[in-house]
Amino acid sequence: MKKLSKKILLSILIMSIVFSSVAFAQTSLFETIKNHLTSIKNDYLTKESALTTDGENAQNELKNYVDDIETEIRNELDAYEQSKIQEAKNKLNQEVEKVKDKINNDKENMIEEMKNSIKEKIEKDLNKEIEKLEKNYK
Numbered sequence: 005m006k007k008l009s010k011k012i013l014l015s016i017l018i019m020s021i022v023f024s025s026v027a028f029a030q031t032s033l034f035e036t037i038k039n040h041l042t043s044i045k046n047d048y049l050t051k052e053s054a055l056t057t058d059g060e061n062a063q064n065e066l067k068n069y070v071d072d073i074e075t076e077i078r079n080e081l082d083a084y085e086q087s088k089i090q091e092a093k094n095k096l097n098q099e100v101e102k103v104k105d106k107i108n109n110d111k112e113n114m115i116e117e118m119k120n121s122i123k124e125k126i127e128k129d130l131n132k133e134i135e136k137l138e139k140n141y142k
């Protein structure tokens, strides 16, 4: 009986080892397959999605649109500024011409007034000198 119990014990031990290695192998195989399937998820998480490309395209389109609008606004404002500058120059030139015309119209009168002032001064000085002469010889 001792032999039988040793055989049974040995059989149980061998069966336990076999079943545990099968169970271990199955667990290991399960983990390997699970890890492989999980790596598929990583492929999707690490690759660039089409949305990223669409987002970049949308950003580029918006940037180009804003650049075009900015250029259009600048061109319109530059043209407006130049037209206003030209208007201001024209007004300035008109004012200068008005002053020139007025000076030209008044020039003869101004010259006459100045000549009269000079004549009066000289006559006054002459009269003083004549008076001095008269006083000295009286």
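The opening residue of the sequence shown carries number 5 in the numbering used here; numbering runs sequentially from there.
Glycine is no exception: its CB is placed at the ideal position from the N, C-alpha and C atoms.
Return helix, strand or coil for K111, following the three-state DSSP convention.
The residue labelled residue 111 in the question sits at position 107 within the sequence shown. Helix at K111.
Taking the alpha-carbon positions, what's the Y48 to E80 distance?
Here residue 48 refers to the residue found at position 44 of the sequence shown. Here residue 80 refers to the residue found at position 76 of the sequence shown. One C-alpha to the other measures close to 49 angstroms.
I'd like to confirm something about V103: is its beta-carbon nearer than 7 angstroms to some heavy atom of the ligand PLP, or not?
This structure simply doesn't include the ligand PLP, nor any ligand for that matter.
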